[in-house]
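A.B. asks:
Residue numbers (full-length UniProt numbering), protein chains in the order written: chain X, 1 to 649; chain G, 1 to 76.
This is how it looks when you write it as structure tokens:
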């Protein structure tokens with residue numbers, strides 16, 4: 001048995017994870033969850049109050065007080081006081097815009113912290129916004145509730161209300177006991193399975209403990225005040241469901257595969273680790289307990305352009321299946337195992353939360369439509385997908401950490417993701433992913449606009465983060481620079497020693513150099529050798545070659561001359577881009593040289609269609625890398641476009 | 001059309017993308033890839049095609065064909 005009632009119960013592992021987050025949140029409101037149900041029809045406030053009270057009496061989690069003790073936090077289930085039940089009612093019909101007034105009221109309420117030691121950890125409101133339209137708002141602290149638990153509470157409330165309205169009793173308490181949940185959790189943590197699960201996850205992630213985030217940064221939990229909501233159009237939703245059927249996957253898995261593709265493009269990394277919040281209740285005592293159970297599972301996928309959407313989806317299905325076999329291992333234990341702690345970088349990239357539950361609730365015949373207001377904090381970017389089974393398209397909310405993003409950036413992420421879903425819906429799933437295309441334009445809407453803010457402050461970074469990991473359309477290296485040049489021309493793009501180049505300067509210089517290369521005959525797919533110091537000149541050179549449509553062959557001038565000569569002979573570049581100091585160390589070959597620091601050369605006229613270069617060779621092979629073979633001779637490795645960014649960073 | 005044990009097995013295998021012969025009646029279907037989205041799919045399918053009124057929570061309690069047969073009102 002678990003502890004005696006007077007000592008209370010320990011927290012479950014899932015609760016302990018929330019407790020850790022909560023203790024990092026100075027506002028105390030980041031873990032406030034809230035939804036409201038829009039009820040169409042007549043609502044009797046007195047009856048709803050009775051139904052809510054009854055549901056709270058049934059659900060122990062709503063009657064817990066959580067107290068920090070010398071032995072760690074403990075939870076005590078107590079009866080609700082007879083008097084003040086936390087329910088506010090208001091008639092907003094007199095307001096100019098009752099719905100807006102209701103939403104503003106709910107937003108303000110969400111910013112009020114709970115006193116968890118005093119309890120109760122929930123609040124309700126019933127707001128009348130029309131003759132036959134009411135909003136029932138419920139805010140609960142994440143420490144005691146998760147999304148599925150929330151749906152159990154809403155269902156029970158509707159059931160009790162409908163019974164009372166019909167003059168019937170509410171029936172027996174359908175919920176399981178909190179003590180059983182705690183006992184089950186303790187049993188798991190001392191089981192052999194716990195050790196097996198731990199080993200599985202450490203092995204899966206040990207070589208990559210921190211995943212790149214979409215923002216390139218992360219921050220402490222904060223209330224998710226930044227959200228963009230949208231509907232996937234009905235026809236796209238229908239097509240995605242049909243595609244899922246063809247691929248023997250679920251619609252959720254198709255969306256997860258789409259998110260993996262999206263994240264790999266944003267981070268320019270084929271190694272994607274998504275974070276998937278899962279309910280973890282099938283076949284468990286937790287199934288009937290409204291409480292905090294859900295776990296976050298890492299899903300690691302390899303997203304290369306040669307894959308097809310069908311194979312990526314298959315990889316997703318099998319990856320999820322394997323992950324579910326180890327789904328109980330607590331996410332914050334994994335963070336600890338990987339040496340990341342509670343404050344370190346997350347081991348997973350953006351979270352992708354699928355909520356398939358159709359409430360389909362009715363309050364004595366009045367149908368209710370759920371709307372989520374707050375689904376918990378995000379360290380970076382979280383996507384929530386709701387299938388409300390209302391015959392309409394999927395609902396998608398993009399949440400972002402308010403310190404890491406602007407609303408415009410968040411909106412751009414959502415638009416790009418929806419555009420990608422539309423392309424997937426109409427794609428040939430057996431064609432390479434590279435054919436799934438990238439958005440038109442240059443991705444200028446998707447740059448990080450907040451400059452160099454590193455919230456957790458490692459404080460270094462020669463290359464301004466403003467142009468890189470947060471980009472969506474950045475399948476080329478050129479887009480971010482040129483977009484940055486247009487939007488923040490004076491922001492520093494490259495900083496090295498005492499030399500600083502702004503975006504405008506970097507774009508302008510690389511453009512000029514690209515035209516010089518073009519004048520030398522460098523065109524699409526042509527190879528240019530680069531022998532330049534590993535600092536600003538090399539970056540400038542690479543950008544210029546890419547803009548000219550060429551491919552780069554980086555040469556290390558430290559190599560023996562004989563070896564460099566062989567490399568150049570094998571590869572046969574159109575020219576060698578170098579500077580006068582480095583050129584002196586290069587072997588004497590017949591390849592034409594273009595000196596970066598040469599003066600007195602007339603520049604080609606700069607009639608400047610800014611994207612004639614950038615658009616030309618998207619997704620072509622642009623990078624040839626010299627690697628030493630076993631024989632000691634160099635071999636060229638052709639690296640396709642999207643794979644280029646990471647290794648040389 | 002009445003729901004039979006064989007039909008349950010075929011529908012389960014269909015949502016899991018497996019062969020019906022590979023789904024043992026007594027095993028936990030989570031190990032074979034059952035998740036909440038697939039379970040909701042089954043609940044809706046059986047409601048639509050066979051008029052069976054069974055809830056997600058009922059089936060999720062013990063996700064195995066053996067356990068579902070009585071809940072789905074199938075006589076063996």
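Virtual Cβ for every residue (Gly too), placed ideally from N, Cα, C.
How would you list, in chain order, the residues of chain X whose beta-carbon sits under 8 Å from the beta-carbon of residue 34 of chain G?
C.D. replies: 282
A.B. asks: Can you tell me the Cα-Cα spacing of residue 123 of chain X and residue 304 of chain X, whole angstroms?
C.D. replies: Rounded to whole angstroms, the gap between the alpha carbons of residue 123 of chain X and residue 304 of chain X is 47 Å.
A.B. asks: Please return the same chain residues whose Cβ sits closer than 7 Å to the Cβ of residue 160 of chain X, not counting the five positions on each side in sequence.
C.D. replies: 51, 54, 55, 170
A.B. asks: Going by Cα to Cα distance, which pick from X:119, X:431, X:138, X:25 is closest to residue 37 of chain X?
C.D. replies: X:138
A.B. asks: If I follow the unbroken alpha helix (DSSP H) through residue 582 of chain X, where does it start and stop?
C.D. replies: Membership of residue 582 of chain X in the alpha helix (DSSP H) is indicated by the continuous run 580-583.
A.B. asks: For residue 565 of chain X versus residue 518 of chain X, is the C-beta spacing smaller than 8 Å?
C.D. replies: 8 Å or more divides the Cβ of residue 565 of chain X from the Cβ of residue 518 of chain X.
A.B. asks: Assign residue 70 of chain G to one of two classes, buried (16 or more other C-beta atoms within 10 Å of its C-beta) or exposed (fewer than that).
C.D. replies: With a 10 Å radius around the Cβ and a threshold of 16 neighbouring Cβ atoms, residue 70 of chain G comes out exposed.
A.B. asks: Can you list the residues of chain G that residue 287 of chain X reaches, using a CB-CB cut of under 8 Å?
C.D. replies: 57, 60, 61
A.B. asks: Any beta carbon from chain X within less than 8 Å of residue 45 of chain G's own beta carbon?
C.D. replies: no
A.B. asks: Note down the Cα distance separating residue 33 of chain X from residue 65 of chain G, rounded to an integer number of angstroms.
C.D. replies: 36 Å
A.B. asks: Select from X:362, X:345, X:325 the residue whose C-alpha is nearest the C-alpha of residue 194 of chain X.
C.D. replies: Looking at X:362, X:345, X:325, the one whose alpha-carbon comes closest to that of residue 194 of chain X is X:325.
A.B. asks: Using the C-alpha atoms, what's the distance from residue 24 of chain G back to residue 4 of chain G?
C.D. replies: 16 Å
A.B. asks: I'd like to know if the region 234-253 of chain X and the region 425-438 of chain X are in contact, where contact means that at least 3 CB-CB pairs between them fall below 8 Å.
C.D. replies: Counting C-beta pairs closer than 8 Å gives three or more between the region 234-253 of chain X and the region 425-438 of chain X, which meets the contact rule.
A.B. asks: With DSSP as the reference, please indicate the residues paired to residue 138 of chain X in a beta bridge.
C.D. replies: Under the DSSP definition of a beta bridge, residue 138 of chain X partners with X:35, X:124.
A.B. asks: Is residue 319 of chain X buried or exposed, if buried means 16 or more other CB atoms sit within 10 Å of its CB?
C.D. replies: buried
A.B. asks: Rounded to a whole number of angstroms, what is the C-alpha to C-alpha distance between residue 619 of chain X and residue 148 of chain X?
C.D. replies: Legend: pLDDT at residue 619 of chain X = 31, less than 50; position of this residue unreliable, value from coordinates given subsequently. About 42 Å.
A.B. asks: Pick helix, strand or coil for residue 290 of chain X, following the three-state DSSP scheme.
C.D. replies: Coil.
A.B. asks: In whole angstroms, what is the alpha-carbon distance linking residue 336 of chain X and residue 10 of chain X?
C.D. replies: 20 Å
A.B. asks: Can the beta-carbon of residue 41 of chain X be found less than 8 Å from the beta-carbon of residue 365 of chain X?
C.D. replies: Taking 8 Å as the Cβ cut-off, residue 41 of chain X and residue 365 of chain X qualify as a contacting pair.
A.B. asks: Classify residue 326 of chain X as helix, strand or coil using the three-state DSSP reduction.
C.D. replies: coil
A.B. asks: Run through DSSP, which three-state label would residue 355 of chain X get?
C.D. replies: strand
A.B. asks: Given a threshold of 16 other Cβ atoms within 10 Å of its Cβ, counted over all protein chains shown, does residue 190 of chain X qualify as buried or as exposed?
C.D. replies: By the neighbour-count rule (16 or more Cβ atoms within 10 Å), residue 190 of chain X is not buried but exposed.
A.B. asks: For a quick check, are the C-beta atoms of residue 288 of chain X and residue 357 of chain X less than 8 Å apart?
C.D. replies: no
A.B. asks: Return the residue from the list X:405, X:394, X:589, X:334 that minimises the CA-CA distance to residue 208 of chain X.
C.D. replies: Looking at the Cα atoms, X:334 is the closest of the given residues.
A.B. asks: Under three-state DSSP, which class holds residue 68 of chain X?
C.D. replies: strand
A.B. asks: Does residue 616 of chain X come out as helix, strand or coil in the three-state DSSP assignment?
C.D. replies: Because residue 616 of chain X carries a pLDDT of 32, less than 50, the predicted location of this residue cannot be relied on, and no value is offered for it.
A.B. asks: Comparing C-alpha positions only, which one of X:500, X:404, X:529 sits nearest to residue 536 of chain X?
C.D. replies: X:500
A.B. asks: Taking Cβ to Cβ, would you say residue 328 of chain X is nearer than 8 Å to residue 150 of chain X?
C.D. replies: no
A.B. asks: Closest by CA to residue 342 of chain X, which one among X:6, X:8, X:19?
C.D. replies: X:19
A.B. asks: Take residue 257 of chain X as the anchor and find which of X:310, X:206, X:282 has the nearest alpha-carbon.
C.D. replies: X:310
A.B. asks: I think residue 373 of chain X touches residue 106 of chain X, with their Cβ atoms under 8 Å apart; what is that distance to the nearest whole Å?
C.D. replies: 6 Å
A.B. asks: Could you have a look at residue 416 of chain X and say whether DSSP puts it in helix, strand or coil?
C.D. replies: Assigned with DSSP and collapsed to three states, residue 416 of chain X falls in helix.
A.B. asks: Taking buried to mean at least 16 other C-beta atoms within 10 Å of its own C-beta, is residue 606 of chain X buried or exposed?
C.D. replies: With a pLDDT of 45 at residue 606 of chain X, under the threshold of 50, the modelled position of this residue cannot be trusted, and the question is left open.
A.B. asks: What does a CB cutoff of less than 7 Å around residue 595 of chain X pick up in its chain, not counting 5 residues either side in sequence?
C.D. replies: Once the five neighbours on either side are set aside, the close Cβ partners of residue 595 of chain X are 578, 579, 580, 583.
A.B. asks: Grouping DSSP H, G and I as helix and E and B as strand, with all else coil, what is residue 173 of chain X?
C.D. replies: coil
A.B. asks: Taking Cβ-Cβ distances shorter than 7 Å, what residues in chain G pair up with residue 279 of chain X?
C.D. replies: 36
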